[in-house]
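For the sequence shown, position 603 (counting from the first letter as 1) is numbered 1901 according to the numbering used here, and the numbering increases by one without interruption. For every residue, glycine included, the Cβ atom is placed at its ideal position computed from N, Cα and C. Please read all numbers here as calculations on a predicted model, not as lab measurements.
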Amino acid sequence: MEEEKEKTTEGTSEEPAKSFDEVEKSEDFSSEEVKFKKLDTTQEREEEKATGKYDASDLQVLKGLDAVRERPGMYIGTTSARGLHHLIREIVDNAVDEALAGYCTKISVTLEKDGSVTVEDNGRGIPVGIVQETGLSGVETVYTILHAGGKFEGSNGYKVSGGLHGVGATVVNALSTHVKILVYRESKIHEIDFENGGHTVAPGLRVIGDCPAERTGTTVNFMPDPTIFKETTVFQLSEVREYIRQTAYLNRGLSLSVNDVRDSEQEVHETYCFQGGIAEYVSFLDAGKAVILQNVIYFDGQTEDGVFVEAAFQPTKSSVFTIKSYCNNIRTAGGGTHEEGFRLAYGREMNKFFKMKEWLKESDDSFSYDDLTEGLTVVISVKHPDPQYEGQVKDKLGNQEVRKDASSVIGDQLAQWLIENPKEGRLLFERALTAYKGRKAAERARNAVIGKGAFGGAIPDKLADCISKNPVERELFIVEGNSAGGSAKNGRDAFTQAILPLRGKILNIEKAAETRIEKNAEIENMIQAIGAGYGEQFDINKIKYHKIIIMTDADVDGSHIRILLLTFFYRYMKPLVEGGYIFIAQPPLYKLTYQSHDYYCFKEEELQPLKDKLPANARFALQRYKGLGEMDASQLAETTMEKDKRKMWKVTVTDAEAADNALTDLMGENVVPRKDFITANAKFVKNLDA
Ligand code: 28F
1299 MEEEKEKTTE
1309 GTSEEPAKSF
1319 DEVEKSEDFS
1329 SEEVKFKKLD
1339 TTQEREEEKA
1349 TGKYDASDLQ
1359 VLKGLDAVRE
1369 RPGMYIGTTS
1379 ARGLHHLIRE
1389 IVDNAVDEAL
1399 AGYCTKISVT
1409 LEKDGSVTVE
1419 DNGRGIPVGI
1429 VQETGLSGVE
1439 TVYTILHAGG
1449 KFEGSNGYKV
1459 SGGLHGVGAT
1469 VVNALSTHVK
1479 ILVYRESKIH
1489 EIDFENGGHT
1499 VAPGLRVIGD
1509 CPAERTGTTV
1519 NFMPDPTIFK
1529 ETTVFQLSEV
1539 REYIRQTAYL
1549 NRGLSLSVND
1559 VRDSEQEVHE
1569 TYCFQGGIAE
1579 YVSFLDAGKA
1589 VILQNVIYFD
1599 GQTEDGVFVE
1609 AAFQPTKSSV
1619 FTIKSYCNNI
1629 RTAGGGTHEE
1639 GFRLAYGREM
1649 NKFFKMKEWL
1659 KESDDSFSYD
1669 DLTEGLTVVI
1679 SVKHPDPQYE
1689 GQVKDKLGNQ
1699 EVRKDASSVI
1709 GDQLAQWLIE
1719 NPKEGRLLFE
1729 RALTAYKGRK
1739 AAERARNAVI
1749 GKGAFGGAIP
1759 DKLADCISKN
1769 PVERELFIVE
1779 GNSAGGSAKN
1789 GRDAFTQAIL
1799 PLRGKILNIE
1809 KAAETRIEKN
1819 AEIENMIQAI
1829 GAGYGEQFDI
1839 NKIKYHKIII
1849 MTDADVDGSH
1859 IRILLLTFFY
1869 RYMKPLVEGG
1879 YIFIAQPPLY
1889 KLTYQSHDYY
1899 CFKEEELQPL
1909 KDKLPANARF
1919 ALQRYKGLGE
1929 MDASQLAETT
1939 MEKDKRKMWK
1949 VTVTDAEAAD
1959 NALTDLMGEN
1969 VVPRKDFITA
1979 NAKFVKNLDA
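Okay, here's the thing in structure tokens:
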């Protein structure tokens, strides 16, 4: 465990940030006391308890603590190592809240030899007077009452990755075997102890000594309960250090120390304090990268609905886009409306500026967000009075107003910054242009890799294209199912025959609006393979094949797909049908083998005449083909694909119209029993060979 020297660095943000030391403790504390009854002392309360007279607040305390012990997962997510480390975060978060209120400048966390943890701050000290709402001292209120207002996100009330919204200290108390709290306040040192899951140890809160008036703050020592944290009660220094460091970046000027005194041979004492806040965090994240701008860009602002937005970012030459976002110092790994606000502002203002400078012409496309953010490192931090978290693990910020808040704070200041820093703006433009060019080159390379079509366009990777470049001799077989597709690929004449396997049912054309057609992968593959567009844009002069051959099984499904394909061609590539480019392959229905010679029947009515030709009592084998997949490559080739042997039907417009009508009847409103309807109409095309 290396000993790191004290870390304090100068801020890098524009204006020197006010450090917490400079904050004047100007408030008159007497005004703070107004909500706590001065009269009652804890002594009186203890006497009350001694008489066994439990009042409502005592019952409320017991109810709350037991609830937490019964279902700890409800409050800290899990009781694994992760949940154990949550205990530290809940206590530190309370100290950070005191810092956010402007009264605390130093927080320290110590991993003690006995396995307990001590957290201390130099804030005002938790109030010791009685809180009217609870009838308890401020300290006991914070450490034994589950605030009714404690917000649990989500319907199941599970703990969110965000803080416990002020009920964290009570949860820690309930899940600890002992807790000792020292409060330095009003020149007195007050102490209270809890044991076995939050039960107050007599005599409760009392004064144990004096301290200088300027010495104020809260110190909490707690020991996690091993009956709750069964997996482990051992804290990991690396986990604690990472959280402390992140908290220091997120709260600029706040000094946070982590001390590990468990091994007296190798104690660790580290202090983190960053005047530059999240701007310095971005520098830390970009350490070792080639940056485009020396200074990190930093904006912050408070919106009228009380949301504080901060954003820091720096462009680098790397190709990775890093964005880390936080709400109330809690990481929102799932992103959310604060990131969306950044995205809106960044995309809008950068492109607007580039067009205003005419680096981008009005007619040019705007840069995409990906172009603009390639190599960019961004940290966004928002402080929100009532955060709502979404997503599976509640790590996505859901407050809708934050999208606008972040977009306006960041957008306004980014627009201003670009005008004031045109040189840097130009560097950002060139970075985005590099990204744009890289993306286009990658697209071209990807298409080339997929196997450049004979004509250079992007072709679907499921297409086994043929080698010839002459569309007149090129044939495209659209084959139903991958197994038949495999046989067709093996049996084909690779110079002139291309194979496009079709997965199962393709889109039901009847019900699909034209836009959805494009989205259907099967249809899209077909459109790309044929290469002449579709619908209004169809251009017969661009077709890459002069024969498009539909090869589906002779069964009901095969007929169904055939009808769908014919309807598609008829509706979106009609010139193909009109020009006689569409064919239907005719695979055999039967194979009769007599004296090791194969005879094929392509229609039912051919079978009997074939049998009649055989000598009486001839012994022969008969195979009924149920699907293309039952034929091996050579059988499929010689019966259905070889130009001089195959039988194909050329589709005419009336055939396609029949398919279209069939489809409308079939898929339209008055749905009739599909199976017999398709079979009855499967023969609607005339038998015309090429
Ligand atoms: C090591 C952990 O928990 N620090 C805290 C304060 C200060 C005040 C406070 C906390 C009383 C009942 C609302 C002081 N003076 N460190 C900490 N420091 N809580 S927790 O008040 C809590 C109120 O509920 C404080 C005036 N106002 C507030």
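Could you tell me which of Arg1422, Leu1552 and Val1566 sits nearest to Asp1558, measuring between CA atoms?
Counting from one through the sequence shown, the residue named residue 1558 turns up at place 260. Ranking Arg1422, Leu1552 and Val1566 by Cα distance to Asp1558 puts Val1566 first.
Looking at C-alpha atoms only, which residue of Asn1839, Ile1838, Pro1799 and Thr1732 is the closest neighbour of Glu1822?
Your numbering for residue 1822 matches position 524 in the sequence shown. The shortest Cα separation from Glu1822 among Asn1839, Ile1838, Pro1799 and Thr1732 belongs to Pro1799.
Is Tyr1879 helix, strand or coil by DSSP?
Here the question's residue 1879 lines up with position 581 in the sequence shown. Reduced to three states, the DSSP call for Tyr1879 is coil.
Inspect the CB distances between the stretch 1854-1861 and the stretch 1930-1944 and report whether three or more fall short of 8 Å.
These segments do not touch.
Flag Asn1549 as yes when its Cβ comes closer than 8 Å to any non-hydrogen atom of the ligand 28F, and as no otherwise.
One-based indexing of the sequence shown puts residue 1549 at position 251. No - the ligand 28F has no heavy atom lying nearer than 8 Å to the Cβ of Asn1549.
Can you name, in chain order, every residue of its own chain whose Cβ lies under 6 Å from the Cβ of Ala1472, other than the five neighbours on each side?
Looking up residue 1472 in the sequence shown gives position 174. Contacts found: Leu1363, Val1366, Arg1367, Gly1495 and Gly1496.
On the CB-based measure, 16 or more other CB atoms within 10 Å of its CB, does Gly1452 come out buried or exposed?
For the purposes of this step, residue 1452 is taken as the residue at position 154 of the sequence shown. In this prediction, Gly1452 has a pLDDT of 31, which is less than 50 and means its spatial position is unreliable; what the coordinates show is noted afterwards. Exposed.
Fully enclosed by the stretch 1627-1659, which alpha helix (DSSP H) runs are 4 residues long or longer?
The stretch 1627-1659 contains these whole alpha helix (DSSP H) runs: 1635-1654.
Helix, strand or coil at Thr1530 according to DSSP, with G and I counted as helix
The count along the sequence shown starts at 1 and reaches residue 1530 at position 232. In the structure shown, the three-state DSSP call for Thr1530 is coil.
Could you give the first and the last residue of the continuous beta strand (DSSP E) run that contains Phe1867?
Position 569 of the sequence shown, counted from the start, is the residue given in the question as residue 1867. For Phe1867, no beta strand (DSSP E) segment is defined; the enclosing uninterrupted segment is the alpha helix (DSSP H) at Val1854 to Tyr1870.
Host beta strand (DSSP E) of Gly1507 (start-end):
As a first step, residue 1507 is located in the sequence shown; it is residue number 209 there, counting from the start. Looking at the DSSP string, the run of the beta strand (DSSP E) that includes Gly1507 is Arg1504 to Asp1508.
First and last residue of the uninterrupted beta strand (DSSP E) at Tyr1596
Taking the first residue of the sequence shown as position 1, residue 1596 is located at position 298. Looking at the DSSP string, the run of the beta strand (DSSP E) that includes Tyr1596 is Ile1595 to Gln1600.
Between the Cα of Ser1617 and those of Lys1655, Tyr1596 and Glu1672, spot the shortest distance and give me the residue it belongs to.
Indexing the sequence shown from 1 puts residue 1617 at position 319. Of the candidates Lys1655, Tyr1596 and Glu1672, the one whose C-alpha sits nearest the C-alpha of Ser1617 is Glu1672.
Rounded C-alpha distance that separates Leu1908 from Gly1784
Position 610 of the sequence shown, counted from the first residue, corresponds to residue 1908. Position 486 of the sequence shown, counted from the first residue, corresponds to residue 1784. C-alpha separation (whole angstroms): 31 Å.
Inter-residue spacing [alpha-carbon to alpha-carbon] between Lys1404 and Phe1651
The count along the sequence shown starts at 1 and reaches residue 1404 at position 106. The count along the sequence shown starts at 1 and reaches residue 1651 at position 353. About 42 Å.
Is it right to say Gly1413 is buried, meaning 16 or more other beta carbons lie within 10 angstroms of its own, or is it exposed?
As a first step, residue 1413 must be located in the sequence shown, where it is residue number 115. Counting the other CB atoms within 10 Å of its CB gives Gly1413 a total below 16, which places it among the exposed residues.
Is the stretch 1593-1610 close to the stretch 1658-1670, with three or more CB pairs under 8 Å?
Of all C-beta pairs linking the stretch 1593-1610 to the stretch 1658-1670, fewer than three are shorter than 8 Å, placing the two stretches out of contact.
Would the beta-carbon of Ile1882 fall within 9 Å of that of Ile1848?
Here residue 1882 corresponds to residue number 584 of the sequence shown, with the count starting at 1. Here residue 1848 corresponds to residue number 550 of the sequence shown, with the count starting at 1. Yes, the pair counts as a contact, with Cβ atoms nearer than the cut-off.
Report the three-state DSSP secondary structure of His1383 (helix, strand or coil).
The residue given as residue 1383 occupies position 85 in the sequence shown. In the structure shown, His1383 falls within a helical segment according to DSSP collapsed to helix, strand and coil.
Length-filtered (4 minimum) alpha helix (DSSP H) runs lying within the stretch 1523-1597:
1535-1548 and 1575-1584, all fully within the stretch 1523-1597.
Measuring straight from C-alpha to C-alpha, what distance separates Arg1513 and Thr1498?
Locating residue 1513 in the sequence shown gives position 215, where the first residue counts as 1. Locating residue 1498 in the sequence shown gives position 200, where the first residue counts as 1. Cα to Cα, the separation comes out at about 26 Å.
C-alpha distance - Gln1573 paired with Glu1431, whole-angstrom precision:
For the purposes of this step, residue 1573 is identified with residue 275 of the sequence shown, where counting begins at 1. For the purposes of this step, residue 1431 is identified with residue 133 of the sequence shown, where counting begins at 1. Taking the Cα positions, Gln1573 is about 39 Å away from Glu1431.
Could you please give the first and the last residue of the uninterrupted alpha helix (DSSP H) stretch that includes Arg1701?
Here residue 1701 refers to the residue found at position 403 when the sequence shown is read from its first residue. Per DSSP, the unbroken alpha helix (DSSP H) holding Arg1701 starts and ends at Glu1699 to Glu1718.
Between Ile1542 and Val1407, is the Cβ-Cβ spacing less than 9 Å?
The residue labelled residue 1542 in the question sits at position 244 within the sequence shown. The residue labelled residue 1407 in the question sits at position 109 within the sequence shown. Going by beta carbons, Ile1542 and Val1407 fall inside the 9 Å limit.
Cβ-heavy atom distance between Arg1560 and the ligand 28F below 8 Å?
In the sequence shown, counting from the first residue as 1, residue 1560 sits at position 262. The beta carbon of Arg1560 sits no closer than 8 Å to any heavy atom of the ligand 28F.
Is Ile1443 helix, strand or coil when you go by DSSP?
Here residue 1443 refers to the residue found at position 145 of the sequence shown. Correct three-state label for Ile1443: coil.
At which residues does the alpha helix (DSSP H) containing Tyr1667 begin and terminate?
The residue labelled residue 1667 in the question sits at position 369 within the sequence shown. Counting along the chain, the alpha helix (DSSP H) containing Tyr1667 begins and ends at Tyr1667 to Thr1671.
When the Cα of Ala1762 is compared with those of Glu1778, Val1770, Ala1827 and Leu1731, which residue comes out closest?
Taking the sequence shown and counting its residues from 1, the one referred to as residue 1762 is at position 464. It is Ala1827 whose Cα lies nearest to the Cα of Ala1762.
Which residues neighbour the ligand 28F when neighbourhood means a C-beta less than 6 Å away from any of its non-hydrogen atoms? List them by chain order.
Cβ-based neighbours of the ligand 28F within the cut-off: Glu1330, Ile1389, Asn1392, Ala1393, Glu1396, Val1417, Glu1418, Asp1419, Gly1421, Arg1422, Ile1424, Pro1425, Val1429, Gly1436, Thr1439, Val1440, Thr1516 and Val1518.
Distance, Lys1845 Cα to Gly1771 Cα:
What you label residue 1771 is simply residue 473 of the sequence shown in a count that begins at 1. What you label residue 1845 is simply residue 547 of the sequence shown in a count that begins at 1. A small correction: the amino acid at residue 1771 is Glu; Gly does not occupy that position in the sequence shown. Glu1771 and Lys1845: Cα-Cα distance of roughly 8 Å.
Span separating the alpha-carbon of Val1680 from that of Cys1625
For the purposes of this step, residue 1680 is taken as residue 382 along the sequence shown, with counting starting at 1. For the purposes of this step, residue 1625 is taken as residue 327 along the sequence shown, with counting starting at 1. Each residue's Cα considered, the two are about 5 Å apart.
Skipping 5 residues on each side, what residues in its chain have a beta carbon closer than 6 Å to that of Lys1787?
Reading the sequence shown from its first residue, position 489 is the one you call residue 1787. Spatial neighbours of Lys1787 in its own chain (CB-CB distance under 6 Å, excluding positions within 5 residues in sequence) are listed in chain order as Ala1762 and Ile1797.
Can you have a look at Lys1842 and say buried or exposed, based on whether 16 or more other CB atoms are within 10 angstroms of its CB?
Here the question's residue 1842 lines up with position 544 in the sequence shown. Of the residues assessed, Lys1842 falls on the buried side of the cut-off, its CB having 16 or more other CB atoms within 10 angstroms.
Can we say the stretch 1472-1490 touches the stretch 1508-1523, given the rule of at least three CB pairs closer than 8 Å?
By the C-beta criterion, the stretch 1472-1490 is judged to be in contact with the stretch 1508-1523, since at least 3 inter-stretch pairs fall below 8 Å.
Does the stretch 1581-1595 come close enough to the stretch 1693-1706 that 3 or more CB-CB pairs lie under 8 Å?
Short answer: they don't touch.
Alpha helix (DSSP H) containing Ile1821: first to last residue?
Along the sequence shown, one-based indexing puts residue 1821 at 523. Ile1821 -> alpha helix (DSSP H) spans Ala1819 to Ile1828.
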